[in-house]
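Have a look at the structure below, then the notes.
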Amino acid sequence: FRSNLILYITIHHLIFNKIFWNYIDFYYFAYRKKLKGLTIKRSIFFFAFVFLNLSCSSSLILKPELSYGKYGYVNKEQIFIIPPKFDFAADFSEGLARVSYNKKFGFINENGEIISPFEYDIAFDFRNGFAIVGKMSNQKLLCGVINKAGKIVLNIEYEKIIYNDNETIAVKKENKDWEVIRLKSLTK
Numbered sequence: 001f002r003s004n005l006i007l008y009i010t011i012h013h014l015i016f017n018k019i020f021w022n023y024i025d026f027y028y029f030a031y032r033k034k035l036k037g038l039t040i041k042r043s044i045f046f047f048a049f050v051f052l053n054l055s056c057s058s059s060l061i062l063k064p065e066l067s068y069g070k071y072g073y074v075n076k077e078q079i080f081i082i083p084p085k086f087d088f089a090a091d092f093s094e095g096l097a098r099v100s101y102n103k104k105f106g107f108i109n110e111n112g113e114i115i116s117p118f119e120y121d122i123a124f125d126f127r128n129g130f131a132i133v134g135k136m137s138n139q140k141l142l143c144g145v146i147n148k149a150g151k152i153v154l155n156i157e158y159e160k161i162i163y164n165d166n167e168t169i170a171v172k173k174e175n176k177d178w179e180v181i182r183l184k185s186l187t188k
């Protein structure tokens, strides 16, 4: 069993990235030092559990990093994956990051592709597939909601928008009462 396990780990070491293997090395060390009494059946379950947990998580963890006055995104090894070109960069939320370029906000994906153009004066992170965005109009900030494709699903005409919970948002137009809108009713 041990030789098969080592062969299995060696083969997969060539396939998966370094982040994944840092975890596997740790778990294999823990297995050898602290879990010697496991039966073969339990050992297989242990490694299958570790493999599934780690391979299902995001394999690419990107964080914003400032370099020469511009923000980009680095991986765990501090290598720029998305080059520094943004005035501001937030963490990724639901696979998209809020960034600003020339004083306007937009969203990019983990490959650095622009999902939503840089046209908003304010933007908030994605939550349940939607993000609140806003534009200045006649010295007033008006807000709306976009989906993960960058499409406006709630027109930019509200004075205030807040999340009530995971299923609804509250919206208010000038001189009108608050309304509650179900997120499911917005077309994704």
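Numbering (our numbering), first residue to last: 1 to 188.
All C-beta atoms, glycine included, are put in the ideal place defined by N, C-alpha and C.
If you're wondering where the values come from, they're calculated on a predicted model, not measured in any experiment.
A distance below 8 angstroms between beta-carbons, with the five flanking residues on each side excluded, links Val-145 to the following residues of its chain, in chain order: Phe-130, Ala-131, Ile-132, Val-133, Ile-152, Val-153, Leu-154, Ile-161, Ile-169, Leu-186. Shown here, Lys-151 sits in coil according to DSSP, grouped into three states, outside any helix or strand. Ranked by how close their Cα comes to the Cα of Asn-111, the residues Lys-184, Glu-174, Asn-166, Leu-62 have Leu-62 in first place. Counting other Cβ atoms within 10 Å of its Cβ, Leu-142 reaches 16 or more and is therefore classed as buried. In the structure shown, Lys-184 falls within a helical segment according to DSSP collapsed to helix, strand and coil. Counting along the chain, the unbroken beta strand (DSSP E) around Lys-160 starts and ends at 160–163.
Between Asp-87 and Tyr-101, the gap from beta carbon to beta carbon is short of 8 angstroms. Phe-118 is a Cβ neighbour of Lys-104, given a cutoff of 8 angstroms. Straight-line spacing of the CA atoms in Val-99 and Lys-176 works out to 32 angstroms.
The beta-carbon distance between Glu-113 and Lys-148, rounded to whole angstroms, is 13 angstroms. This is too long to meet the 8 angstroms contact definition. Under the three-state reduction of DSSP output, Gly-134 falls in the strand class. Under DSSP, the beta-bridge partners assigned to Lys-104 are Tyr-101. Residues of the same chain with a CB within less than 8 angstroms of the CB of Pro-83, apart from the 5 flanking positions on each side, are Gly-72, Gly-112 in chain order.
The C-alpha of Tyr-120 lies about 22 angstroms from the C-alpha of Leu-66. About 6 angstroms separates the beta carbons of Leu-183 and Asn-128, which is inside the 8 angstroms limit, making them a contact pair. Between Tyr-158 and Lys-173, the C-beta spacing is below 8 angstroms.
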